[in-house]
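Novice:
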């Protein structure tokens with residue numbers, strides 16, 4: 003990764019144009035480390051950085067890392083915040099990688115901080131909160147202490163499903179959430195917990211809810227080019243989709259980058275869980291939209307919205323890049339050789355980019371988050387150009403997947 007900063011003085015104003023240019027293996031020659039070494043170095047760094055984060059939060063009960071606040075200091079969240087499960091999940095991945103016993107102890111400690119969220123019924127994020135934490139805990143350890151929490155959380159999530167609409171409701175109506183039945187593309191990510199729990203607890207209802215939600219979302223959330231709307235609101239009487247718009251993107255008709263990542267990841271996962279070819283077709287169409295977009299930078303880390311009006315000065319979103327990277331790495335396992343090679347190539351570029359000084363934090367800096375430069379909610383001027391806990395989670399997951407699929 004090469005950073006060029008070109009400064010132009012125009013009408014007394016300084017415009018800083020940052021060009022992030024990817025240098026390919028062919029042109030970089032011996033200057034580039036093998037991807038295996040890049041991943042090892044970055045995961046080793048992530049272990050050290052996460053243990054620093056643990057030390058900061060160890061004596062702060064019920065607090066979990068969220069981002070850096072406007073004062074430059076660590077901003078934490080309580081267990082009810084939608085991102086609460088990501089740091090415990092990150093610790094479990096890093097324990098799986100390192101087998102460091104301290105990481106296992108800390109992963110359990112922070113996982114238990116979100117345990118009560120298995121009873122959450124007032125939003126759809128219970129899947130994020132519980133499956134990233136307890137799901138990884140059970141997958142890695144097999145300890146039954148984590149298992150039943152996932153069953154309860156799945157029952158809680160299903161209380162938000164409407165057979166008339168065919169979707170799990172994301173947000174309740176409020177002074178801010180004005181829609182009668184809001185469903186956001188992020189909700190695709192919560193279906194993995196239901197699919198897993200359906201098998202584990204022999205509960206076909208969980209599976210039926212997940213598949214119905216995925217089918218309804220596929221019908222109503224996507225445009226003809228397979229970009230997706232952020233939010234679709236449904237009429238609760240007829241079940242029809244009557245509003246399609248954005249909340250976190252640039253405009254109702256724009257393609258919010260993280261939303262495209264949620265969509266790609268969600269349908270890749272649904273193909274894995276069902277082997278239904280229509281989900282694979284959908285995932286491949288979404289991948290084609292992202293990877294062939296003329297405004298996807300050469301380093302493959304997208305701008306926060308593909309249609310942001312100030313490209314190439316627009317903010318990049320490392321979280322979107324990490325989610326897309328993890329999804330592409332998995333999707334490469336289900337497609338023809340040529341497509342698999344292309345998905346792997348892009349995922350490798352993304353890992354190299356995110357592991358470079360342009361995005362990877364310095365040791366002990368960045369409030370001990372791994373990645374810099376994510377965008378949470380730019381229209382609300384919230385969490386702009388800061389680290390985000392889910393960016394770290396999906397980046398670590400992407401590297402773990404890449405190791406498993408291609409390097410082991």
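Residue numbers (the numbering used here): 3 to 410.
Note that CB positions come from ideal geometry on N, CA and C, so glycine has one too.
#1: Would you report the Cα separation of residue 253 and residue 230, rounded to the nearest angstrom?
#2: Let me know if residue 44 comes out buried or exposed under the rule of 16 or more other beta-carbons within 10 Å of its beta-carbon.
#3: Spatial neighbours of residue 186 within its chain, please: C-beta separation below 7 Å, excluding the five flanking residues on both sides.
#4: Below 6 Å CB to CB, which residues in the same chain sit around residue 263 once its five sequence neighbours on both sides are set aside?
#5: For residue 243, list the residues DSSP reports as bridge partners.
#6: Taking all protein chains shown into account, decide if residue 107 is buried (16 or more other Cβ within 10 angstroms of its Cβ) or exposed.
#7: Residue 29 to residue 285, Cα distance in whole Å?
#8: Which complete beta strand (DSSP E) runs does the stretch 147-196 hold, if anything under 3 residues is left out?
#9: Measuring alpha carbon to alpha carbon, tell me which of 199, 301, 82 and 269 ends up nearest residue 221.
#10: For residue 47 versus residue 67, is the C-beta distance shorter than 8 Å?
#11: Start and end of the beta strand (DSSP E) containing residue 79?
#12: Which value, in whole angstroms, describes the spacing of the CA atoms of residue 276 and residue 74?
#13: Whose C-alpha, out of 362, 332, 360 and 361, is nearest the C-alpha of residue 348?
#14: Work out the CA separation of residue 282 and residue 339 for me, nearest whole Å.
#15: Can you check DSSP and say which residues form a bridge with residue 386?
#16: Just to confirm, is the Cβ distance from residue 52 to residue 92 under 8 Å?
#17: Just how far apart, CA to CA, sit residue 394 and residue 378?
#18: Leaving aside the five residues before and after residue 94 along the sequence, list all residues of the same chain whose C-beta is less than 6 Å from its C-beta, in chain order.
#19: When the Cα atoms are used, what is the spatial distance from residue 362 to residue 373?
#20: Put residue 315 into one of helix, strand or coil per three-state DSSP.
#21: In the structure shown, what three-state DSSP assignment does residue 94 receive?
#22: Return helix, strand or coil for residue 279, following the three-state DSSP convention.
#23: Does DSSP classify residue 306 as helix, strand or coil?
#24: In whole angstroms, what separates the C-alpha of residue 163 from that of residue 211?
#25: So for residue 69, helix, strand or coil by DSSP?
#26: Tell me the DSSP secondary structure of residue 30 in three-state form.
#27: Along the alpha helix (DSSP H) that carries residue 206, what are the first and last residues, could you check?
#28: DSSP has residue 230 in a bridge; who is on the other side?
#29: So, for residue 329: in the same chain, excluding its five sequence neighbours on each side, which residues have a beta-carbon less than 6 Å away from its beta-carbon?
#30: Taking the Cβ atom as the reference point for each residue, do residue 355 and residue 302 lie within a distance shorter than 8 Å?
#31: How many Å lie between residue 197 and residue 209 at the Cα?
#32: I need the DSSP call for residue 45, collapsed to helix, strand or coil.
#33: Among the residues of its own chain, which have a CB less than 6 Å from the CB of residue 369, if the five just before and after it don't count?
#34: Here's the rule: buried if 16 or more other CB atoms are within 10 angstroms of the residue's CB, otherwise exposed. What is residue 420?
#35: Could you check how far apart the C-beta atoms of residue 237 and residue 182 are, in whole angstroms? I think they sit under 8 Å.
Specialist: Here's the rundown:
#1: In a straight line, the C-alpha of residue 253 is about 12 Å away from that of residue 230.
#2: Buried, by the Cβ-count rule.
#3: Sequence-distant partners of residue 186 (beyond 5 residues in either direction) whose C-beta falls short of 7 Å from its own C-beta, in its chain, are 172, 232 and 233.
#4: Correct list, in chain order: 322, 325 and 326.
#5: 236.
#6: The residue is exposed, with fewer than 16 neighbouring Cβ atoms inside 10 Å.
#7: Here residue 29 scores only 33 on pLDDT, less than 50, and its place in the model should not be relied on; the value that follows carries that caveat. Residue 29 and residue 285: Cα-Cα distance of roughly 31 Å.
#8: Counting whole runs of 3 or more residues, the stretch 147-196 contains the beta strand (DSSP E) stretches 184-186.
#9: Minimum Cα distance to residue 221 is reached at 269.
#10: Their beta carbons are not under 8 Å apart, which means residue 47 does not touch residue 67 by this criterion.
#11: Note, residue 79: beta strand (DSSP E), 76-79.
#12: About 44 Å.
#13: Nearest to residue 348 by C-alpha distance, out of 362, 332, 360 and 361, is 332.
#14: Rounded to whole angstroms, residue 339 to residue 282 spans 15 Å at the Cα level.
#15: 377.
#16: Contact flag set, yes.
#17: Going by the C-alpha atoms only, they are around 13 Å apart.
#18: If the five residues before and after residue 94 are omitted, its C-beta is found closer than 6 Å to the C-beta atoms of 109, 138, 139 and 142, all from its own chain and listed in chain order.
#19: Straight-line Cα distance between these residues: approximately 5 Å.
#20: The answer is coil: DSSP assigns residue 315 none of H, G, I, E or B.
#21: Here residue 94 sits in helix by DSSP.
#22: Of the three classes helix, strand and coil, the one that applies to residue 279 here is helix, per DSSP.
#23: Here DSSP, grouped into helix, strand and coil, assigns residue 306 to coil.
#24: Answer to the nearest angstrom: the Cα atoms are 7 Å apart.
#25: The answer is strand: DSSP assigns residue 69 an E or B state.
#26: Any reading at residue 30 must be qualified, since the residue scores a pLDDT of 38, below 50, and its modelled position is unreliable; no value is offered.
#27: Counting along the chain, residue 206 sits inside the alpha helix (DSSP H) bounded by residues 206-222.
#28: Its beta-bridge partners are 224.
#29: For residue 329, where only same-chain residues beyond five positions count, the Cβ hits under 6 Å are 266, 267 and 270.
#30: Contact: yes.
#31: Straight-line Cα distance between these residues: approximately 5 Å.
#32: Here DSSP, grouped into helix, strand and coil, assigns residue 45 to helix.
#33: Residues of the same chain with a CB within less than 6 Å of the CB of residue 369, apart from the 5 flanking positions on each side, are 70 and 76 in chain order.
#34: Residue 420 lies beyond the residue range present for the chain, which begins at 3 and ends at 410; the question has no answer from this structure.
#35: 7 Å between Cβ atoms; contact.
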